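Residue 42 in this note's numbering sits at position 39 of the sequence shown, and the numbers go up by one each step.
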Amino acid sequence: MARDVSPIVKQSRREGYALHPKAHKIMARKTGIPGQHAHGRQGKPSLYLTQLREKQKVRRTYGLLEKQFAKLMNEATRQDGLAGENLLRMLEQRLDNTVYRAGFATSRRAARQLVGHGHFMLNGRRVDIPSIRVKPGDELTVRPKSVKSGYFSMLADVSANANASVVSWLKSDVKKMTISVTGAPTRDEAEADINEQLIVEYYSR
């Protein structure tokens, strides 16, 4: 399973956007993009660079590689409605993001790891693919073998410390360790500081 293992804080500084909770504190001390000659490279960005950086920011926020992201954008373009909103909806419906949004992990990276290790069952079947997209009516449960593990025995504390915002399309029960998908994500419930139109324009060049 391919993934980007480069330092998340370094990625965050490059995009000027905290991609992980731990990046906030470091970015408060270290401003600007990383690198020895970074300050000399900064200037007024072109439209292309603005579009590129927005695409990279969103791609890294949700933890996708370039090929995966481009494929998803292509699918979003073919669907009815606004391509940018279609893209964000599909990103939000990813299994790893669902686990994060439900408060079962403190970051998307942590949620991806939990899913990849096979700790969840989707509609009664064990799953370990973070990119699976959930749909209304789906039910996620923690595997019986995982319930007594150290992580899930502390799930109430994890959920209390999670930075995920409450969304209307999910219903989570930490005590029962279940996540119910009750609807579809809306644009308002995705990350607020994303300009999806810039991404659409980037891929339509």
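A virtual CB, placed ideally from N, CA and C, is assigned to each residue, including glycine. Small disclaimer: the values here were computed from a predicted structure and weren't measured.
Kindly indicate which residue of the options has the alpha-carbon position closest to the one of residue i.
| i | options | result |
| --- | --- | --- |
| residue 122 | 139, 98 and 192 | 98 |
| residue 145 | 136, 137, 155 and 53 | 155 |
| residue 163 | 149, 200, 178 and 172 | 178 |
| residue 187 | 170, 70 and 175 | 170 |
| residue 199 | 49, 149 and 72 | 72 |
| residue 79 | 92, 68 and 70 | 92 |
| residue 103 | 54, 161 and 204 | 161 |
| residue 85 | 189, 96 and 141 | 189 |
| residue 173 | 67, 192, 119 and 151 | 192 |
| residue 115 | 65, 76 and 153 | 65 |
| residue 137 | 196, 183 and 63 | 183 |
| residue 57 | 208, 207, 206 and 201 | 201 |
| residue 132 | 204, 206 and 96 | 96 |
| residue 111 | 67, 87, 195 and 158 | 67 |
| residue 149 | 70, 207 and 129 | 129 |
What span of residues does the beta strand (DSSP E) with residue i cover, start to end?
| i | result |
| --- | --- |
| residue 124 | 123 to 125 |
| residue 130 | 128 to 130 |
Can you find a heavy atom of the ligand ADP that lies under 7 Å from the Cβ of residue i?
| i | result |
| --- | --- |
| residue 77 | Inclusion of the ligand ADP in the displayed structure is not the case, the ligand content being empty and no account of it being possible. |
Helix, strand or coil for residue i per DSSP?
| i | result |
| --- | --- |
| residue 49 | coil |
| residue 40 | Bear in mind that the predicted position of residue 40 carries a pLDDT of just 47, short of 50, making it too unreliable to give a figure here. |
| residue 191 | helix |
| residue 144 | strand |
| residue 99 | helix |
| residue 150 | helix |
| residue 173 | strand |
Starting from residue i, trace the alpha helix (DSSP H) both ways and give me its first and last residue.
| i | result |
| --- | --- |
| residue 202 | 199 to 206 |
| residue 181 | Where residue 181 is concerned, there is no enclosing alpha helix (DSSP H), although the beta strand (DSSP E) it sits in stretches over 181 to 184. |
| residue 84 | Here residue 84 belongs to no alpha helix (DSSP H), and DSSP marks it neither H nor E. |
| residue 159 | 158 to 164 |
| residue 118 | 111 to 119 |
What is the C-beta distance between residue i and residue j, in whole angstroms, given that I count them as a contact (C-beta under 8 Å)?
| i | j | result |
| --- | --- | --- |
| residue 165 | residue 109 | 5 Å |
| residue 185 | residue 139 | 6 Å |
| residue 143 | residue 117 | Actually they do not touch by this definition, with Cβ atoms about 11 Å apart. |
| residue 205 | residue 55 | 6 Å |
| residue 49 | residue 105 | In fact, because the Cβ distance is near 39 Å, the residues do not count as touching under 8 Å. |
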